[in-house]
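Take a look at the structure set out below.
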Amino acid sequence: MTPQEETIVLEARDILGRYLSQNPVISSWQALMDYCALTVRGPIERFHVLYLDRKNRIIADELLSTGTVDHVPVYPREVIKRALMLNASALILIHNHPSGDPMPSDADLSMTKEIQKGCKYLGLTLHDHIIVGAGTELSLRALGKL
Numbered sequence: 001m002t003p004q005e006e007t008i009v010l011e012a013r014d015i016l017g018r019y020l021s022q023n024p025v026i027s028s029w030q031a032l033m034d035y036c037a038l039t040v041r042g043p044i045e046r047f048h049v050l051y052l053d054r055k056n057r058i059i060a061d062e063l064l065s066t067g068t069v070d071h072v073p074v075y076p077r078e079v080i081k082r083a084l085m086l087n088a089s090a091l092i093l094i095h096n097h098p099s100g101d102p103m104p105s106d107a108d109l110s111m112t113k114e115i116q117k118g119c120k121y122l123g124l125t126l127h128d129h130i131i132v133g134a135g136t137e138l139s140l141r142a143l144g145k146l
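Numbering of the sequence shown is given in full-length UniProt numbering, commencing with residue 1 and proceeding in unit increments.
Now the structure itself:
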């Protein structure tokens, strides 16, 4: 990427961030997918959580973990602890697959179930887990895995 392209990408992230903080995330699926693709895609695995308020507006977009080309460590306890600290009502998990294939691994599904159990117990809503591939985003909710 050229320096000029990097500047454009950073400006686009800023614009999307402002847009999403003023508008409900869930009401515009395409805006959410665009945001995920711009924020999370890359050569190493990154795990983000969007923490949302009662109106599904973003309280925080937090990069909770970075990993390698094919693995990112995720600790369900830390995901949920942060939600409670931020007074979030709901969350959306997002991570990328640098390989380009957004299909979830068994580890992705297992970790998502653990976080979902913790959320349910504490009155939080887990809206989705989105996996970003090369030009494609996949929703675990849409796959029936949530």
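Think of the CB as a built atom: it goes at the ideal place given N, C-alpha and C, for glycine as much as any other residue.
*ILE92 - containing beta strand (DSSP E), residue span*: Taken as a continuous stretch (DSSP letters only), the beta strand (DSSP E) holding ILE92 covers 90-96.
*Short check: CB of residue 147 to CB of LEU16, under 8 Å?*
The structure shown does not extend to residue 147, since the chain is modelled only from 1 to 146, so the question has no answer here.
*asked:* Suppose you measure from the CA of ARG141 to the CA of GLU45; what does that come to, to the nearest Å?
replied: Cα-Cα distance, rounded: 21 Å.
*Which parts of the segment 78-132 are runs of the alpha helix (DSSP H), unbroken and 4 residues or longer, counting only runs that do not cross its ends?*
Taken in chain order, the complete alpha helix (DSSP H) segments of 4 residues or longer contained in the segment 78-132 are 106-122.
*Cα separation between PRO98 and ALA83?*
Between PRO98 and ALA83, the C-alpha separation is close to 27 Å.
*asked:* Short of 6 Å in beta carbon distance, which residues of its chain neighbour HIS129, apart from the five on each side in sequence? Order them along the chain.
replied: Residues of the same chain with a CB within less than 6 Å of the CB of HIS129, apart from the 5 flanking positions on each side, are LEU93, THR112, LEU140 in chain order.
*What is the rounded straight-line gap between the Cα of ILE131 and the Cα of MET33?*
Note on geometry: alpha-carbon atoms of ILE131 and MET33 lie some 10 Å from one another.
*asked:* The beta strand (DSSP E) that contains TYR51, what's its start and end?
replied: Membership of TYR51 in the beta strand (DSSP E) is indicated by the continuous run 46-52.
*asked:* Between which two residues does the alpha helix (DSSP H) holding GLY37 run?
replied: The sequence as given places Ala at residue 37; Gly does not occur at that position. DSSP places ALA37 in the uninterrupted alpha helix (DSSP H) bounded by 29-40.
*Tell me whether HIS127 is buried or exposed, calling it buried when 16 or more other Cβ atoms sit within 10 Å of its Cβ.*
Its Cβ being crowded by 16 or more others within 10 Å, HIS127 is buried.
*Can you give me the Cβ contacts of GLY118 inside the same chain, cut-off strictly under 7 Å, excluding the 5 residues immediately before and after it?*
Same-chain partners within the cutoff: PRO76, ILE80.
*Between the C-alpha atoms of residue 187 and PRO3, what's the straight-line distance to the nearest angstrom?*
Outside the modelled stretch of the chain, which goes from 1 to 146, sits residue 187, for which no answer is possible.
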